[in-house]
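**Student:** Structure in structure tokens, see below.
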Amino acid sequence: MQVIGITGGVGAGKSAILEYLEQNYRVKNLIADKIARMLMEPGSECYRKLLKFLPVEVYNEDESINRSALSAALFSSDDLRARVNEVMHPAVKEYILGQITEQERMGILDYVIIEAALLIEENYGEICDELWYVRTSEEIRKKRLMRSRGYSEEQVESMFRSQLSDSEYRKHCQVVIENNGTREETFYQVAQAIKEKGELNKMEQQLEGVPLVFGLDIGTRNVVGTVGYKDEDDFYVIAQYMREHETRSMLDGQIHDIGRVGRTIDKVKLALESQIHMPLTEVCIAAAGRVLKTVTTTVEYGFQEEVVVTGEDVHTLDLLGIEKAQQILNENNDTNFKFYCVGYSVVKYYLNGDIFSNLEGHKAEVVSADIIVTFLPEDVVDGLYTAVGRAGLKVASLTLEPIAAINVAIPETFRMLNIALVDVGAGTSDISVTRDGSIIAYGMIPCAGDEITELLVQHYLVDFKTAEHIKLSSSTEKEIEYQDIMMIKHTITAEEVWDLIEPLVFSLTEDIAAKIKELNGGETVNATFIVGGGGKVHGFVEHLASELELPLERVALRGEEVLQEIHFEQEEIRKDPLLVTPIGICISYYDQKNNFLFVRFNGERIKLYDNNKLTIVDAALRAGFPNEQLFPRRGKEINFYVNGKKRIVRGEPGESAVVRVNGRVTSINATLEANSDIVIEPSTVGAAAACRLEELEEYGRVVITFEVNGRMITCPKFAEVNGSLEPPYYEIQENDWVEMRSFYTVAQIMEFMDVEIDLDSEILVNNKPADLDTQVYENFSLEWEVITYRTPLEEIEGVYRQPQEELPAEESPEAATGLVAADSPDTGRQENEGAGQPEEAAKVSGTRKAAGTERAASARVTQAGDAATEETAKTAETGKADGKTGYSGLERVARRSQSTDAAPSPAGDHESSHAAGIAGQETGDVPAPAEALNTAVPEAEESQPEGQEAASSQPEGTPEPVIKESQQKGVRRQEKETEPQRERSGESKPADGAQEPQQAEPAGAKEGTTAASKRKLKLSQTEEKQDITQEELEEKFLQSQQTTESDIRPTIRKKVEEKPKAKPETPSLQVIVNNAAVTLRGKASYVFVDVFDAISFDLNAGKGRAIVTKLNGEIPSYTAPLKYGDVVEIYWED
2 MQVIGITGGV GAGKSAILEY LEQNYRVKNL IADKIARMLM EPGSECYRKL
52 LKFLPVEVYN EDESINRSAL SAALFSSDDL RARVNEVMHP AVKEYILGQI
102 TEQERMGILD YVIIEAALLI EENYGEICDE LWYVRTSEEI RKKRLMRSRG
152 YSEEQVESMF RSQLSDSEYR KHCQVVIENN GTREETFYQV AQAIKEKGEL
202 NKMEQQLEGV PLVFGLDIGT RNVVGTVGYK DEDDFYVIAQ YMREHETRSM
252 LDGQIHDIGR VGRTIDKVKL ALESQIHMPL TEVCIAAAGR VLKTVTTTVE
302 YGFQEEVVVT GEDVHTLDLL GIEKAQQILN ENNDTNFKFY CVGYSVVKYY
352 LNGDIFSNLE GHKAEVVSAD IIVTFLPEDV VDGLYTAVGR AGLKVASLTL
402 EPIAAINVAI PETFRMLNIA LVDVGAGTSD ISVTRDGSII AYGMIPCAGD
452 EITELLVQHY LVDFKTAEHI KLSSSTEKEI EYQDIMMIKH TITAEEVWDL
502 IEPLVFSLTE DIAAKIKELN GGETVNATFI VGGGGKVHGF VEHLASELEL
552 PLERVALRGE EVLQEIHFEQ EEIRKDPLLV TPIGICISYY DQKNNFLFVR
602 FNGERIKLYD NNKLTIVDAA LRAGFPNEQL FPRRGKEINF YVNGKKRIVR
652 GEPGESAVVR VNGRVTSINA TLEANSDIVI EPSTVGAAAA CRLEELEEYG
702 RVVITFEVNG RMITCPKFAE VNGSLEPPYY EIQENDWVEM RSFYTVAQIM
752 EFMDVEIDLD SEILVNNKPA DLDTQVYENF SLEWEVITYR TPLEEIEGVY
802 RQPQEELPAE ESPEAATGLV AADSPDTGRQ ENEGAGQPEE AAKVSGTRKA
852 AGTERAASAR VTQAGDAATE ETAKTAETGK ADGKTGYSGL ERVARRSQST
902 DAAPSPAGDH ESSHAAGIAG QETGDVPAPA EALNTAVPEA EESQPEGQEA
952 ASSQPEGTPE PVIKESQQKG VRRQEKETEP QRERSGESKP ADGAQEPQQA
1002 EPAGAKEGTT AASKRKLKLS QTEEKQDITQ EELEEKFLQS QQTTESDIRP
1052 TIRKKVEEKP KAKPETPSLQ VIVNNAAVTL RGKASYVFVD VFDAISFDLN
1102 AGKGRAIVTK LNGEIPSYTA PLKYGDVVEI YWED
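Per my numbering, the sequence shown starts with residue 2, numbered consecutively.
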């Protein structure tokens, strides 16, 4: 059952047509106006809704609605009409849908007819199979309405203005019924429309499930479209339409005006769609052109062992032959054209060296084939594709015109004979030759019927269309009438035309015969068949037979006799040589063994065998797109060794390739569709691998903790890289050899803490005697006697480079203490730093600077321990900025560990340091580590007892001391210090809180003091008051630098963060890949393609094979998500 909607203007006569349909066919009429009247009866839901806003004038005395009054009110008020329609139309439509459902369930009727004035406006086309427009002139409609309904002329005009225009009705309706004549004429149109629908229904039932083929023969003179289907060996044509080009938009088989050809194709398509009542989206086409190239080659394909040959194996063999022919043509191409394969034919198949007509199903180790491949310039093919695309069509298959023609004109049973087929068209003459059961050659010459037509144009002074008429009529008529461009009419005889064109026909047949002999190895053929309109010219057959030296009966036009298996549904179509190629194009769709599809990849057209499994990846591989550019590429990896075992750290993954198909971004796994325009932007390379020592699993904790003199000291963990100690932040390089170090030697701890110990005293490790080479592991205890701390010598420069006059007035020594201190710059900020500081913090701050001051001038008068705090801090920072000797304890550990073991310092050095410690004690404070230890590296830290107050009240900008051990040890040393020791150092114990008097360096210093002690600047008070020039200062500093480098040789100069932030952990995922467990790391989630980054799989080892990928036994997409325990298989197809 089908649903037909009938609409038209008011008074168009729709009611009479509905009555005719109801009387003569099995239909049910659903008239919207009657349904609305029923739904507006008093008591109905619609009635109650209308009652709220309809004027009282439209109601009868019994409260029913007066239809005439309502109609007049509606057509006079747009607002009222809109409100009524809002209530009634949904209710009417709902009722109609219910009736359609009921009739479909019953299955009795053939049609349901819906009549509504607003059929289009209310979108009834969505539920109707077809819309009919009943058209009647306004004059007739006006008379009908005024006579039958009593409307005034003004009312009628108002009604007309409120309805759609004639053009709008035609736009939306498929059938137009003209109702301006008699009733019989109108009913005849209705009957014809129903008949066509009945035939169409019959056709649709007959074609149900049968795919139709649409073929286009785009010739130089006209375009012939054919729609049909194949049933066993017969081909059925259900629709055919031919249309000439508007102008000479094609020459010699090649498109010159794409726009005009596209419009002609579109008109042919629309005409065929109206015949078959269904849309056409794909088309088969054939190419021709004056520059045809053919390559004959032999190709062989071997198997690893004897196998049964499948159809896909045969297709692969054909494809290899095409690729080989393409390579041969490219190597020998001496033109500027880029050639494109448009078709091929297999001459012979070989099974293990023996000739076979069909390889499929046989067992073989080697198969081979002799193959002819045809090529045309790419611009010829591009022109065809573009013109077809202008008509909204996609190319389903492409072949060569002589291949299409021979599929119809010369059956395979005839191909044992040496036969030539000539398709004489308007622009080209296509030639093919058969022998020994195969097509052995193809050829083409750029001469055909248009040359004859052009001669007639010039001779008779007519346009091209008139000349074409003269040429065709001369073969069927004795006399021809025509009118020239001067509007003069003429009558000529056919013989006159024959005499005029005979020299040209002779020349054309001579060229064709020469080409046939060339293709046949220099010999004539046994017979020649002629198809195409050009061969129907008078004298063509006779002249060609003469040139080929064949009896006339062996050269013949082929038309009806070769179309025996072709059936036309349209009775008016006559079987003719003109139809051979159009039919052949359709049949080639079924017969072509190269079920290829065509796509454009990054601007280049490519051809792929369609196995219904093609994806974008296949197109990329066919186009030679590098495999590695399809998937994300990791950055350069690092190969190194950890404790003798090889380790690899992979680079970061790059961005995936961006795939666009017809302008839309899609997956590389997307199904490949014919005629797609594919653009792939290559994937990118990720960042190179980077790995620091602290990121290694073997590294564990980045620190080691020892107990030194009862306090926990935390030191950074080191690893040995290529024989040198490196800190946690060291970035591993290619082929580095890493040995993990989980211990410090006693000497290294001493260097790290920047302390001088009493080597005469006993060193205990875990309460056992030890020396400087003893290895101290995690949580080991270490006991030793601390003498003092070393201080970098560059503090001397800092002391002398800050003249007193640069100090602010309020920070001068006199302002701070009221004491006269010569020209000492170290006494300027005791008030600012000392005030408000806790006692212990003040001691640490002052002591930390004392050693530097003592080295600069041991004879100078000093203030209390906190008097030099701020100035010496500046001095230490200046030394760091110079980058010369301002190294941290961490750096000294690394430098001194360049050798296998750290060598102990000479005794003299300890004594020198001891002297420096005395200078610090003279202030009443305990010694502290050098300020140089305050770098960005992880410092040694001592855990403090609970509740101990920290030193935190230093001025802003002053680096905080990270090693707090000195506070505790200093106190401990003060408690242990004896009176004889004080006497030996020339010191008397001061009263609490009293300031120490300024003293010179003791005269009785120990003999054998270190080089550092000897390098002290011995300045008297008189010398201190003298100005020291910059040159003298630099000279003194360089002298001290030269001797210092032997003691302090840091290797690590790079600052690192105090507390390096570990990279946030990312979840890992374990899957099974080819029966082995693989852990994926580095991402928040994982997809299938990530597996390639975690395994070693060479994508360049395919050698023509396809990659087989499976996820839990199923073929996945490359973006399929992975779960824990998924089973993955990746291997090359056999």
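For glycine and all other residues, C-beta sits at the position ideal for the given N, C-alpha and C.
(1) Round the Cβ separation of I453 and V538 to the nearest angstrom and send it over; I've been treating them as touching at under 8 Å.
(2) Any idea what DSSP makes of N86, helix, strand or coil?
(3) Quick check on DSSP: helix, strand or coil for R68?
(4) With a 10 Å radius around its C-beta and 16 neighbouring C-beta atoms as the bar for buried, classify P1122 as buried or exposed.
(5) Counting along the chain, where does the beta strand (DSSP E) carrying V490 start and finish?
(6) Please classify K647: does DSSP put it in a helix, a strand, or coil?
(7) Can you check whether the CB of E122 is closer than 9 Å to the CB of K94?
(8) Using beta-carbon positions only, say whether V191 and V224 come within less than 9 Å of one another.
(9) What does DSSP give as the partner residues of A1078 in its beta bridges?
(10) My output table needs one value for W785: the three-state DSSP class, helix, strand or coil.
(11) Specify the secondary structure class of Y350 as computed by DSSP and reduced to three states.
(12) On the DSSP bridge assignment, give the partners of C716 in chain order.
(13) Could you check if L553 is buried or exposed, using at least 16 other CB atoms within 10 Å of its CB as the buried criterion?
(14) Counting beta carbon pairs with one atom in the segment 136–146 and one in the segment 91–107, are three or more of them shorter than 8 Å?
(15) Measure the alpha-carbon distance for V59 versus S69 and round it to whole angstroms.
(16) Where A1095 and P654 are concerned, what is the direct C-alpha to C-alpha distance, given to the nearest angstrom?
(17) Among residues of its own chain, excluding the 5 on either side of T295, which ones have a beta-carbon nearer than 8 Å to its beta-carbon?
(18) Within 10 Å of its beta-carbon, does F632 have 16 or more other beta-carbons around it, so buried, or fewer, so exposed?
(19) I need the straight-line Cα distance from Q969 to D755, nearest angstrom please.
(20) Just how far apart, CA to CA, sit R1128 and S1086?
(21) Measure the Cβ-Cβ separation of G536 and V423 and say whether it is below 9 Å.
(22) Excluding the five sequence neighbours on either side, which residues of its own chain have a C-beta within less than 7 Å of the C-beta of L252, listed in chain order?
(23) Around the Cβ of W738, are there at least 16 other Cβ atoms within 10 angstroms (buried) or fewer (exposed)?
(24) Output the boundary residues of the alpha helix (DSSP H) element that contains Q326.
(25) On the DSSP bridge assignment, give the partners of N603 in chain order.
(26) Can you give me the start and stop residues for the beta strand (DSSP E) that F223 sits inside?
(27) For Q776, which of helix, strand or coil comes out of DSSP?
(28) How would you label V894, buried or exposed, when you count the other beta carbons within 10 angstroms and need 16 or more for buried?
(29) By the DSSP assignment, the alpha helix (DSSP H) with F161 in it spans what residues?
(30) Would the segment 622–640 count as touching the segment 688–702 if we require 3 or more Cβ pairs under 8 Å?
(31) So for R614, helix, strand or coil by DSSP?
(32) Is N30 helix, strand or coil when you go by DSSP?
(33) So, do the segment 388–397 and the segment 281–290 have three or more beta carbon pairs nearer to each other than 8 Å?
(34) Taking only the alpha-carbon atoms, compute the straight-line gap between G226 and R575 and give it to the nearest angstrom.
(35) What are the boundary residues of the beta strand (DSSP E) that includes K1124?
(36) On the three-pair Cβ rule with 8 Å, is the segment 235–245 touching the segment 255–275?
**Tutor:** So, from the data block:
(1) Confirmed, about 6 Å.
(2) helix
(3) Collapsing the DSSP output to three states places R68 in a helix.
(4) exposed
(5) In the sequence under discussion, the amino acid at residue 490 is Lys, which differs from the Val named in the question. Here the beta strand (DSSP E) through K490 covers 490–494.
(6) Here K647 sits in strand by DSSP.
(7) no
(8) no
(9) For A1078, which the question treats as bridged, DSSP gives the partners I1073.
(10) coil
(11) Looking at Y350 - three-state DSSP - the assignment turns out to be strand.
(12) I705
(13) exposed
(14) No contact exists between the segment 91–107 and the segment 136–146.
(15) Computed Cα separation, rounded: 8 Å.
(16) 11 Å
(17) I373, V374, T375, F376, A442, Y443, G444
(18) Its Cβ being crowded by 16 or more others within 10 Å, F632 is buried.
(19) Any reading at Q969 must be qualified, since the residue scores a pLDDT of 43, below 50, and its modelled position is unreliable; no value is offered.
(20) The identity of residue 1128 in the sequence shown is Val, whereas the question assumes Arg. Using only the alpha carbons, I get a separation of about 17 Å.
(21) Closer than 9 Å, so yes.
(22) T221, G428.
(23) W738 should be labelled exposed.
(24) In the sequence as presented, Gln is not what sits at residue 326; that position holds Ala. Element bounds for A326: 312–333.
(25) Its beta-bridge partners do not exist; DSSP assigns none.
(26) A small fix is needed here, since residue 223 is Asn in this sequence, not Phe. Residues 223–232.
(27) strand
(28) Because the pLDDT at V894 is just 48, under 50, the model does not fix this residue reliably, and the point stays unresolved.
(29) 154–162
(30) Here the segment 622–640 lies against the segment 688–702, with 3 or more beta-carbon pairs under 8 Å apart.
(31) According to the sequence provided, residue 614 is Lys. The question's Arg does not apply to it. Correct three-state label for K614: coil.
(32) strand
(33) yes
(34) Rounded to whole angstroms, G226 to R575 spans 15 Å at the Cα level.
(35) Counting along the chain, K1124 falls outside any beta strand (DSSP E), and DSSP gives it neither H nor E.
(36) yes
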